[in-house]
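S.K.: My questions all concern the structure below.
In my numbering, the protein residues as written are 14 to 214.
In structure tokens:
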């Protein structure tokens, strides 16, 4: 929902940082891998109770996630890079709720499971929609040039990261926040399914 608004604000500084990385010979795939490593480090920090460190690593990880595409556009966009970006994003999105479940299983495990289930369903609807859109020759650059069709919704990357930040700032309210975002994610999934029923025959 907020990705398009945020993109207009962060594109200039992201492009500047990407140009710096390109001049130093850093490739897009290396940035993608760094983003995953930082994201998994964030999950580990959270699982052992280092929430402020986890928060910092989440933010740096997502900076890397924004930079890899910008670096690719300045050098060479590849299918491999697009594939790694998508897969590593989903690994990261699953790791953070899991970390909070490990941190406090009694309080967080059920809410984390519900949130992860909503992520699973939404991810399936997103990727299936992208496959069908590619088959029909549909394209969009509403979120910039991507390796596949990005259908929008109520719960997108910006909302997900904001939710993870709230988890770190208010760990005692993890369950409530998780249930609310799971509902938003489920709504996004249902909306995408409804859209697919209208577009695909």
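Note that beta-carbon positions come from the ideal geometry of N, C-alpha and C, so glycine has one too.
Is the beta carbon of residue 137 sitting closer than 8 Å to the one on residue 188?
M.R.: no
S.K.: Among 103, 145 and 24, whose alpha-carbon lies nearest the alpha-carbon of residue 133?
M.R.: 103
S.K.: Could you pull the start and end residues of the alpha helix (DSSP H) that residue 168 belongs to?
M.R.: Where residue 168 is concerned, there is no enclosing alpha helix (DSSP H), given that its DSSP letter is neither H nor E.
S.K.: Roughly how many angstroms separate the alpha carbons of residue 157 and residue 208, rounded to a whole number?
M.R.: With a pLDDT of only 46 at residue 157, under 50, the local geometry of the prediction cannot be trusted, and the value read off the model is given with reservation. Near 21 Å, if we compare the C-alpha coordinates of residue 208 and residue 157.
S.K.: What three-state label does DSSP hand residue 92 in the structure shown?
M.R.: helix
S.K.: Between which two residues does the alpha helix (DSSP H) harbouring residue 139 extend?
M.R.: 118 to 148
S.K.: With DSSP as the reference, label residue 183 as helix, strand or coil.
M.R.: coil
S.K.: Comparing alpha-carbon positions, which option in 37, 196 and 30 lies nearest residue 131?
M.R.: 196
S.K.: Determine the burial state of residue 147: buried for a count of at least 16 other Cβ atoms within 10 Å of its Cβ, exposed for fewer.
M.R.: exposed
S.K.: Is it true that the region 76 to 83 meets the region 23 to 34, where meeting means three or more beta-carbon pairs spaced less than 8 Å apart?
M.R.: yes
S.K.: Among 186, 213, 75 and 210, which residue has its Cα nearest to the Cα of residue 106?
M.R.: 75
S.K.: If I follow the unbroken alpha helix (DSSP H) through residue 218, where does it start and stop?
M.R.: There is simply no residue 218 to check, as the chain begins at 14 and stops at 214 in what is shown.
S.K.: Are the CB atoms of residue 56 and residue 111 within a distance shorter than 8 Å?
M.R.: yes
S.K.: With C-beta atoms as the reference, is residue 168 less than 8 Å away from residue 142?
M.R.: At least 8 Å separates the beta-carbon of residue 168 from that of residue 142.
S.K.: Which residue wins for smallest C-alpha separation from residue 88, given the options 139, 28, 145 and 172?
M.R.: 28
S.K.: Between residue 108 and residue 52, is the Cβ-Cβ spacing less than 8 Å?
M.R.: Yes; because the gap between Cβ atoms is below 8 Å, this pair is in contact.
S.K.: Quick one: Cα of residue 215 to Cα of residue 45, how far?
M.R.: Since the first residue of the chain shown is 14 and the last is 214, residue 215 is not available in this structure.
S.K.: Out of curiosity, what's the CA-to-CA distance linking residue 67 and residue 135?
M.R.: Cα-Cα distance, rounded: 25 Å.
S.K.: Measuring CB to CB, does residue 31 end up less than 8 Å from residue 84?
M.R.: In this structure, residue 84 lies closer than 8 Å to residue 31 by Cβ.
S.K.: According to DSSP, simplified to helix, strand and coil, what is residue 39?
M.R.: coil
S.K.: By Cβ distance below 7 Å, which residues in the same chain neighbour residue 49 in space, the five residues on each side in sequence not counted?
M.R.: 101, 104 and 105
S.K.: Only counting the same chain, and skipping five residues up and downstream in sequence, which positions put a Cβ closer than 8 Å to that of residue 40?
M.R.: Within the same chain, residue 40 has close Cβ partners 84 and 88.
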